[in-house]
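Position 217, counted from 1, in the sequence shown is what the working numbering calls 405; the numbers after and before it change by one each time, with no gaps. All residues carry an ideal CB built from backbone N, CA and C; glycine is no exception.
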Amino acid sequence: MRTFGHLPEWGRAPLPLIEAGAEAARRAGGDVFRLRLGLPAVVGFSPAWNRRLLSDLDTFVSAGSFSRVVPYLSGGVILSDAPEHAGRRGGLNPGFGRRAVLALQERVRRAVPAVPEGPFDALAWADGAVLRALNAAYFSGEADERLLHAFLAPLRRPFPVPAVPRPLLFRRMDGELRRLMDLRAREGGRDDLLAYLAGVPDGLLEARVSLAAAHDTTTHALAYALWQLALHPEWHRPEGHPWVLKEVLRLWPPGWMGSRRLARDVDWQGVALPRGAVALYSPYLTGRDAALWPDPLAFRPDRWAAPPPAWAYLPFGGGERTCLGLHLAQSIILTVLADLPPLRAHWGDARARPGITLGPAGPLVVQRRAQVSTAVP
């Protein structure tokens with residue numbers, strides 16, 4: 189441990205590691221704890237820490253954060269900082285805003301495959317459904333689906349697989365994006381996300397990065413929502429779906445850990461944080477904090493009848509850097525749930541497995557409820 193610090197635990201079982209760190213910090217009356225991950229790192233989990241990290245963009249910067257080591261996420265608006273970030277983000281917001289995403293909803297609905305007739309793995313089905321939904325939203329369904337699958341597949345593997353450079357695969361993906369952009373320029377008439385991104389600076393890069401950021405995050409949240417609706421069918425109704433999704437994202441936020449780099453020395457409640465250190469915030473820890481959420485480990489969608497504590501619910505980040513794909517991800521998931529038949533859970537492994545995103549270990553085997561006989565356990 190003296191040689192490698194916390195890196196072995198971080199690679200093998202990061203959730204128990206950060207849970208133990210948070211508990212030790214609470215016992216000491218604090219809200220941050222240190223990790224040794226090859227360079228100084230500090231994890232905070234209180235709403236006050238979240239607010240400071242996500243609001244003070246001059247001190248907590250994205251350049252040099254963990255996103256840089258993952259080629260899929262290393263570029264575009266994700267790694268831009270103040271003052272460039274505001275202008276870059278402002279150019280992207282209209283294409284990903286609520287109104288623009290609503291206009292894509294019907295084509296997303298048509299792209300989603302039907303639920304199988306027999307037992308099926310909700311995690312595997314969600315993976316394919318989200319891939320088709322994103323193809324519809326970004327490319328009007330015109331992208332090579334096999335290439336999309338091959339491009340995104342490494343993100344589903346344990347770390348460090350997503351950090352391995354893949355220049356040939358990226359070149360193929362960029363070639364497909366250029367082909368589709370040229371098609372839009374020649375023929376016109378497209379109103380998908382790529383048609384919008386073609387008109388912004390570095391639109392190809394933003395399309396590739398945002399697509400990579402959208403797929404697994406949306407897939408994992410959808411898979412957990414399917415599983416929980418199979419376990420709690422009383423919530424499977426249109427008015428209940430938004431609360432179900434919020435509760436899924438509280439307990440199993442795909443973006444379970446966010447990182448920044450300190451641009452200057454910081455004194456945080458008496459704790460000295462040096463310039464250059466990695467500063468982390470964890471929607472997973474904050475979303476399960478008993479000081480903020482009654483019965484925090486219970487799946488209780490009814491808790492969303494009241495607003496959450498400020499800066500305690502951050503599955504999409506917060507402040508100026510709130511996730512660009514927030515409306516798109518929510519729209520895809522709620523569109524799928526609206527057409528979902530009643531389900532019953534067979535068996536599955538819903539334990540959270542952290543990687544680039546947090547998702548169920550799986551599989552999660554479910555079946556249409558009307559088809560389940562009394563002989564099925």
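*For residue 302, is the classification buried or exposed, using 16 other Cβ atoms within 10 angstroms of its Cβ as the cut-off for buried?*
Position 114 of the sequence shown, counted from the start, is the residue given in the question as residue 302. The residue in question, residue 302, is exposed, as its Cβ has fewer than 16 Cβ neighbours within 10 Å.
*Determine the DSSP secondary structure at residue 460, reduced to helix, strand or coil.*
Here residue 460 refers to the residue found at position 272 of the sequence shown. If DSSP states are grouped into helix, strand and coil, residue 460 belongs with the strands.
*Along the chain, where does the alpha helix (DSSP H) that runs through residue 236 open and close?*
Against the sequence shown, residue 236 aligns to sequence position 48. Looking at the DSSP string, the run of the alpha helix (DSSP H) that includes residue 236 is 235-243.
*Could you check the C-alpha separation between residue 361 and residue 255 for me, to the nearest Å?*
Walking along the sequence shown from the start, residue 361 turns up at place 173. Walking along the sequence shown from the start, residue 255 turns up at place 67. Between residue 361 and residue 255, the C-alpha separation is close to 20 Å.
*Expressed to the nearest angstrom, what Euclidean distance is found between the alpha-carbon atoms of residue 216 and residue 248?*
What you label residue 216 is simply residue 28 of the sequence shown in a count that begins at 1. What you label residue 248 is simply residue 60 of the sequence shown in a count that begins at 1. C-alpha separation (whole angstroms): 25 Å.
*Do the CB positions of residue 403 and residue 318 come within less than 7 Å of each other?*
For the purposes of this step, residue 403 is taken as the residue at position 215 of the sequence shown. For the purposes of this step, residue 318 is taken as the residue at position 130 of the sequence shown. Result yes, Cβ atoms of residue 403 and residue 318 sit closer than 7 Å.
*Using three-state DSSP, classify residue 202 as helix, strand or coil.*
The residue labelled residue 202 in the question sits at position 14 within the sequence shown. Here residue 202 sits in helix by DSSP.
_Please state the DSSP three-state secondary structure of residue 359._
Residue numbering aside, residue 359 sits at position 171 when the sequence shown is read from its first letter. Helix, per DSSP.
_Counting C-beta neighbours from all protein chains within 10 Å, is the total for residue 391 16 or more, i.e. buried, or is it exposed?_
Counted from its first residue, the sequence shown places residue 391 at position 203. Classification of residue 391: buried, given that the 10 Å Cβ count is 16 or more.
*asked:* Checking the sheet assignment: what are the DSSP bridge partners for residue 229?
replied: Here the question's residue 229 lines up with position 41 in the sequence shown. Answer is 223 and 466.
_Helix, strand or coil, according to DSSP, for residue 436 in the structure here?_
Position 248 of the sequence shown, counted from the first residue, corresponds to residue 436. Here residue 436 sits in helix by DSSP.
*In the DSSP assignment, what residue or residues form a beta bridge with residue 555?*
For the purposes of this step, residue 555 is taken as the residue at position 367 of the sequence shown. Paired residues: 532.
*asked:* Among the candidates 450, 419, 514 and 483, whose CA atom is the shortest distance from the CA of residue 553?
replied: Within the sequence shown, the letter at position 365 stands for residue 553. Nearest C-alpha to residue 553: 419.
*Could you tell me the boundaries of the beta strand (DSSP E) in which residue 548 lies?*
Residue numbering aside, residue 548 sits at position 360 when the sequence shown is read from its first letter. First-last of the beta strand (DSSP E) with residue 548: 546-548.
_Considering only the alpha carbon of each residue, which of 240, 193, 208 and 200 lies closest to residue 447?_
Counting from one through the sequence shown, the residue named residue 447 turns up at place 259. Minimum Cα distance to residue 447 is reached at 240.
*asked:* The alpha helix (DSSP H) that contains residue 540, what's its start and end?
replied: For the purposes of this step, residue 540 is taken as the residue at position 352 of the sequence shown. Note, residue 540: premise wrong, no alpha helix (DSSP H); beta strand (DSSP E) at 540-542.
_Enclosing beta strand (DSSP E) for residue 450 [first to last residue]_ = Here residue 450 is taken as the residue at index 262 of the sequence shown, counted from 1. Here the beta strand (DSSP E) through residue 450 covers 446-450.
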